[in-house]
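The next block holds one structure in the form of structure tokens; read it before the comments.
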Amino acid sequence: MKRPEKLKSKEYEALLEPLQRELAMMARWASTTGQRILVLLEGRDTAGKGGAIDAIRAHINPRQCRVVALPKPNDREKTQWYFQRYAAHLPAAGEIVLFDRSWYNRAGVEKVMGFADDKQVKAFLKQTPVFERMLVDDGIQLFKYWLCCDQEQQEKRFAERREDPLKGWKLSPIDIEARAKYGEYTKAREAMLKATHTEHAPWTLVDFNDQKRGRLTLIRDLLDRLPDTEIKPEPIDFPPLLGKPAKEKYSVVKPIDDFQASP
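Below you can see the structure in the form of structure tokens.
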């Protein structure tokens, strides 16, 4: 099937705005009803997880919508039950939690890069559907997304990270090492999907070769899978000010000079 043309920025922004309005409404619904929403975003390096998360949370109160991107486990965490450090970040009533990578690290990067042995990976694939069943049975709305990215696109994005100082922080030594293991990551992903794509916690794969279109597709799918979230906000009364609007006055410390562009 031929892919549609890549979206231009103006077209993308016009399509994204109404979706973000729906997301803001969804957040109000979650807060009002006490829903707990958990979204896992997984995929290869450069797939676009961070951009998708930014698009989702852009107009939601950050105290309500949290992003979880855990570093590698410390020495103490390595001795814990594997799911323990992730469980600490699960949403409470009214919260939306977005995982930028999740417990599925064990079936992906940890397996491919040799940080977990075959026994640990096998145990993980067996235990994960049980763990996720507990989450869903307890009332958490769980959504699992895999962001798909061809190697050609991945190479272009790695090159951008290498050349752009604003993106260089995204490129790590482990990324360089993992770059040569595209096929191994494919095999690991397929084994993961086979073991953990369940009726109670299914996977959704989204084409992110065009990241703008991928974000729109993911957000639309997420919104469509939730119940009707329309809750009209209570009207807020703004009585008129008494007198003219006041100007700021400073007696102790003055504001710094305004920014001036270099000539």
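In terms of UniProt numbering, the sequence shown is residues 1 to 263. The C-beta atom is built at its ideal place from N, Cα and C for all residues, glycine as well. Quick caveat, the model's predicted, so the values are computed rather than measured.
The Cβ-Cβ distance between A69 and F99 falls below 9 Å.
In the three-state scheme derived from DSSP, where H, G and I count as helix and E and B as strand, Q151 is classed as helix.
Residue environment analysis places K78 among the exposed positions, since fewer than 16 neighbouring C-beta atoms fall within 10 angstroms of its C-beta. Between R101 and A116, the beta carbon gap of about 14 Å keeps them out of contact (Cβ cut-off 8 Å). In the three-state reduction of the DSSP assignment, D228 falls in the coil class, being assigned neither a helical nor a strand state. Rounded to whole angstroms, the separation of the alpha carbons of L216 and A261 is 35 Å.
In the displayed model, I256 falls within coil according to three-state DSSP, outside both helix and strand.
Counted as a single uninterrupted DSSP element, the beta strand (DSSP E) harbouring R66 occupies residues C65 to V68.
P235 and E22 have their C-alpha atoms some 18 Å from each other. Just measuring C-alpha positions, the residue of E110, E17 and K72 sitting nearest R189 is E110.
When secondary structure is reduced to three states using DSSP, T33 falls in the helix class. Between the beta-carbon of E42 and that of Y145 there is about 7 Å, and that keeps the pair under the 8 Å contact cut. Between T128 and the set I140, M192, K6 and G139, the nearest pair of CA atoms involves M192. The Cβ atoms of A30 and T229 lie closer than 9 Å to each other.
L166 carries a coil assignment under DSSP once its states are collapsed to helix, strand and coil. The three-state secondary structure of T128, taken from DSSP, is helix.
When C-alpha distances from K194 are compared across I96, Q80 and F124, the shortest belongs to F124.
In terms of CA proximity to L223, L38 leads the group R44, L38, D257 and V112.
Straight-line spacing of the CA atoms in F131 and D164 works out to 40 Å. Per DSSP, D175 is one residue of the alpha helix (DSSP H) stretching across P173 to A178.
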